[in-house]
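Enquirer:
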DNA sequence: CCAAGGACTGAATGATGGTTCAATCCTTGG
DNA sequence: CCAAGGATTGAACCATCATTCAGTCCTTGG
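Residue numbers (the numbering used here), protein chains in the order written: chain A, 1302 to 1500; chain B, 1302 to 1500.
#1: Determine the closest residue to residue 1328 of chain A out of A/1317, A/1315 and A/1342, with distance taken between C-alpha atoms.
#2: What are the start and end residues of the alpha helix (DSSP H) that includes residue 1373 of chain B?
#3: Between residue 1322 of chain A and residue 1370 of chain A, how many whole angstroms is the CB-CB distance? I'm expecting something under 8 Å.
#4: Determine, using beta-carbon pairs with one atom in the segment 1457 to 1472 of chain A and one in the segment 1483 to 1493 of chain B, whether at least three such pairs fall under 8 Å.
#5: Distance cutoff 7 Å, beta carbons only. Does residue 1363 of chain B sit that close to anything in chain A?
#6: Comparing alpha-carbon positions, which option in B/1467, B/1355, B/1406 and B/1424 lies nearest residue 1331 of chain B?
#7: Would residue 1504 of chain B and residue 1411 of chain B qualify as a contact pair, given that the criterion is a beta-carbon distance under 7 Å?
#8: Quick check on this structure: which residue in B/1419, B/1488, B/1401 and B/1394 has the alpha carbon closest to the alpha carbon of residue 1362 of chain B?
#9: Measure from the alpha carbon of residue 1384 of chain A to the alpha carbon of each residue in A/1444, A/1456 and A/1480, then state which is nearest.
#10: Here's the rule I'm using: 16 or more other beta-carbon atoms within 10 Å means buried, otherwise exposed. How should residue 1351 of chain B be labelled?
#11: Would DSSP call residue 1392 of chain B helix, strand or coil?
#12: Quick one: grab the DSSP three-state call for residue 1424 of chain B.
#13: Would you mind working out which of B/1429, B/1333, B/1416 and B/1313 sits nearest residue 1409 of chain B, comparing C-alpha positions?
#14: Pull up the distance between the alpha-carbon of residue 1413 of chain B and that of residue 1312 of chain A, whole angstroms please.
#15: Indicate whether at least one CB of chain B lies closer than 7 Å to the CB of residue 1464 of chain A.
#16: Against chain B, with Cβ distances strictly below 7 Å, would residue 1522 of chain A count as a contact?
#17: Report yes or no: is there a C-beta of chain A within less than 7 Å of the C-beta of residue 1469 of chain B?
#18: Hey, could you find the ends of the alpha helix (DSSP H) residue 1480 of chain B is sitting in?
#19: Using the beta-carbon of each residue, which ones in chain B are nearer than 7 Å to residue 1415 of chain A?
#20: From the DSSP output, in three-state form, read off residue 1429 of chain A for me.
#21: Taking only three categories from DSSP, how would you classify residue 1406 of chain A?
#22: Roughly how many angstroms separate the alpha carbons of residue 1375 of chain B and residue 1425 of chain B, rounded to a whole number?
#23: Going by DSSP, what residue range makes up the alpha helix (DSSP H) through residue 1339 of chain B?
#24: Give me the Cα-Cα distance between residue 1399 of chain B and residue 1349 of chain B, rounded to the nearest whole angstrom.
#25: With residue 1404 of chain B and residue 1364 of chain B assumed to form a contact (beta carbons below 8 Å), what rounded beta-carbon distance in angstroms separates them?
#26: Given residue 1417 of chain A, which residues of its chain have a CB within under 6 Å of its CB, disregarding the five upstream and five downstream residues?
#27: Whose C-alpha, out of A/1401, A/1339, A/1483 and A/1431, is nearest the C-alpha of residue 1454 of chain B?
#28: What did DSSP end up calling residue 1445 of chain A once you bin it into helix, strand or coil?
#29: Chain A partners of residue 1495 of chain B, CB-CB under 7 Å?
#30: Tell me which residues share the same chain as residue 1320 of chain A and place their Cβ nearer than 6 Å to its Cβ, disregarding the 5 neighbours each side in the sequence.
#31: Helix, strand or coil for residue 1349 of chain B? Go by DSSP, reduced to three states.
#32: Determine whether the beta carbon atoms of residue 1501 of chain A and residue 1496 of chain A lie at a separation below 7 Å.
#33: At what residues does the alpha helix (DSSP H) containing residue 1310 of chain B begin and finish?
#34: Do residue 1456 of chain B and residue 1439 of chain B come within 7 Å of each other at the CB atom, strictly closer than that value?
#35: Please state if the CB of residue 1485 of chain A and the CB of residue 1388 of chain A are separated by a distance shorter than 7 Å.
As structure tokens, this is what we get:
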């Protein structure tokens, strides 16, 4: 026995893996999923295309992970912003502002995560993303109903519908590159009304 | 000059074209967009794959037309149902019931039209579909605002958000194959609240 | 320094499926 | 019935990438 991969090598492998993920995210943010060929990702990560397969069994596996990571980051940011508020109305306003603000900050990435045509296998990960948002929102809605701030309703259905509303309302502005200044306040008003927040 | 295509031939060509569109729609309804290779569509239409290209310059052109046609049929059905009602609240209830009812009747087709991964060129047609719904709804919302049945709001934004909410709320049930019996009434309640219909 | 064996390379492979085209069949006006 | 020329065929073509692999480079323990 003359060679046995050691810590140093393992660290380098792990660094390559991270670079590949970062490269995929970078290309997505610049050119969308469409620009993410394995060759392009590998080149940007500084590895040969063949080496890519030392780290991920298939391209779909990489992008499942990329979507999961990026989505989690978004959901976490939204959750963190909402957690600073106390009333359901304020929490939901924070959700909308954070979600929309971040999406408009990285429109190409947001479009890829939300709506760009992707592999069916990667698309499945998108459902997870949307469900994560829905569950976050459902928690706030349920709390609002329990406290009496909101009228009785099915928090799951409300949350799902609101996620759809948010995503749909952002697709237009994301394609255009900008949102009118009144879009986000109007969206907050809409969502408050949809929740039954008393005016 | 010895051959000049005549009415009879033109009619046959046009019939082939229609059969191709119908075949594409049929395969979409049975196996989704994923099952729609040019070869499969041509075979079902009873023409050779090569003949397909006498009728459409590319596959994307066919499906743009298929999506446009199918979408228009859906929008028309929804518009017809809503036109029978008088108040905005009833009109919107008709929209939700018709939209959801038809989607659940042909879940595979509805999924393909709404959410299945497709060519980017075909995906663009989907935006048209959603915008058509949004415009239909925006008309009703604007009328409701004008008559005072609804509080002041931007009909376009409300309509866009509602289309997103409707679509998102249907994707789960479409994947599952059925919707719980309370889903549609709950969705109507949600949408009434979102519009500001007074209870 | 050495031999073992894992890591790395990138050109070749292969699968998919849209698109083309040379050959053939039909239709038409004469 | 004929010649002209459009319609039809479906097998071949081709472009695109994801994936593989034989050869090479590096790292390791001795």
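Glycine included, every Cβ here is placed at the ideal spot set by N, Cα and C.
Expert: The structure says:
#1: Position 27 of the first chain, counting from 1, holds the residue named residue 1328 of chain A. Residue A/1342 is the option with its Cα nearest to residue 1328 of chain A.
#2: Reading the second chain from its first residue, position 72 is the one you call residue 1373 of chain B. Element bounds for residue 1373 of chain B: 1360 to 1384.
#3: Within the first chain, numbered from 1, the residue matching residue 1322 of chain A stands at position 21. Within the first chain, numbered from 1, the residue matching residue 1370 of chain A stands at position 69. The Cβ separation is near 7 Å, so the contact holds.
#4: yes
#5: Sequence index remark: in the second chain, residue 1363 of chain B carries index 62 (1-based). Cβ-Cβ to chain A under 7 Å: no for residue 1363 of chain B.
#6: If you number the second chain from 1, residue 1331 of chain B lands on position 30. Minimum Cα distance to residue 1331 of chain B is reached at B/1406.
#7: Any question about residue 1504 of chain B goes unanswered here, given that chain B covers just 1302 to 1500.
#8: In the second chain, the residue the question calls residue 1362 of chain B occupies position 61. For the residues B/1419, B/1488, B/1401 and B/1394, the minimum Cα distance to residue 1362 of chain B belongs to B/1419.
#9: Locating residue 1384 of chain A in the first chain gives position 83, where the first residue counts as 1. Ranking A/1444, A/1456 and A/1480 by Cα distance to residue 1384 of chain A puts A/1444 first.
#10: Here residue 1351 of chain B refers to the residue found at position 50 when the second chain is read from its first residue. It counts as exposed.
#11: Position 91 of the second chain, counting from 1, holds the residue named residue 1392 of chain B. Note: residue 1392 of chain B maps to helix in three-state DSSP.
#12: Numbered from 1 along the second chain, position 123 holds the residue referred to as residue 1424 of chain B. Residue 1424 of chain B falls in the helix class under three-state DSSP.
#13: Looking up residue 1409 of chain B in the second chain gives position 108. Looking at the Cα atoms, B/1333 is the closest of the given residues.
#14: Here residue 1413 of chain B refers to the residue found at position 112 of the second chain. Here residue 1312 of chain A refers to the residue found at position 11 of the first chain. Going by the C-alpha atoms only, they are around 44 Å apart.
#15: For this step, residue 1464 of chain A is matched to residue 163 along the first chain. Yes, residue 1464 of chain A counts as interfacial toward chain B.
#16: Nothing in the structure corresponds to residue 1522 of chain A, since chain A is present only between 1302 and 1500.
#17: As a position in the second chain, residue 1469 of chain B is number 168, starting the count at 1. True, the Cβ-Cβ gap to chain A drops below 7 Å.
#18: Stepping through the second chain from its first residue, residue 1480 of chain B is reached at position 179. Counting along the chain, residue 1480 of chain B falls outside any alpha helix (DSSP H), and DSSP gives it neither H nor E.
#19: Locating residue 1415 of chain A in the first chain gives position 114, counting from the first residue. Correct list: empty, because the minimum Cβ distance to chain B is about 11 Å.
#20: Within the first chain, residue 1429 of chain A is the residue found at index 128, counting from 1. Three-state result, residue 1429 of chain A: helix.
#21: Along the first chain, one-based indexing puts residue 1406 of chain A at 105. Note: residue 1406 of chain A maps to helix in three-state DSSP.
#22: As a first step, residue 1375 of chain B is located in the second chain; it is residue number 74 there, counting from the start. As a first step, residue 1425 of chain B is located in the second chain; it is residue number 124 there, counting from the start. Roughly 17 Å between the two C-alpha positions.
#23: Taking the second chain and counting its residues from 1, the one referred to as residue 1339 of chain B is at position 38. 1339 to 1346 is the extent of the alpha helix (DSSP H) around residue 1339 of chain B.
#24: Position 98 of the second chain holds residue 1399 of chain B. Position 48 of the second chain holds residue 1349 of chain B. If I take the Cα positions, the gap works out to 38 Å.
#25: Locating residue 1404 of chain B in the second chain gives position 103, counting from the first residue. Locating residue 1364 of chain B in the second chain gives position 63, counting from the first residue. Between residue 1364 of chain B and residue 1404 of chain B the Cβ distance is about 19 Å, and since that is not below 8 Å, they are no contact.
#26: Counting from one through the first chain, the residue named residue 1417 of chain A turns up at place 116. Contacts found: 1333 and 1334.
#27: Looking up residue 1454 of chain B in the second chain gives position 153. Considering only alpha carbons, the answer is A/1483.
#28: Indexing the first chain from 1 puts residue 1445 of chain A at position 144. Here residue 1445 of chain A sits in helix by DSSP.
#29: Counting from 1 along the second chain, the entry for residue 1495 of chain B is found at position 194. The contacting residues are 1491, 1494 and 1495.
#30: For the purposes of this step, residue 1320 of chain A is taken as residue 19 along the first chain, with counting starting at 1. Same-chain partners within the cutoff: 1346.
#31: Residue numbering aside, residue 1349 of chain B sits at position 48 when the second chain is read from its first letter. It is coil, neither helix nor strand.
#32: Given a span of 1302 to 1500 for chain A in the structure shown, any question on residue 1501 of chain A remains unanswerable.
#33: Locating residue 1310 of chain B in the second chain gives position 9, counting from the first residue. Element bounds for residue 1310 of chain B: 1308 to 1332.
#34: Indexing the second chain from 1 puts residue 1439 of chain B at position 138. Indexing the second chain from 1 puts residue 1456 of chain B at position 155. In this structure, residue 1456 of chain B lies closer than 7 Å to residue 1439 of chain B by Cβ.
#35: Within the first chain, residue 1388 of chain A is the residue found at index 87, counting from 1. Within the first chain, residue 1485 of chain A is the residue found at index 184, counting from 1. Cβ distance not < 7 Å, so residue 1388 of chain A and residue 1485 of chain A don't count as in contact.
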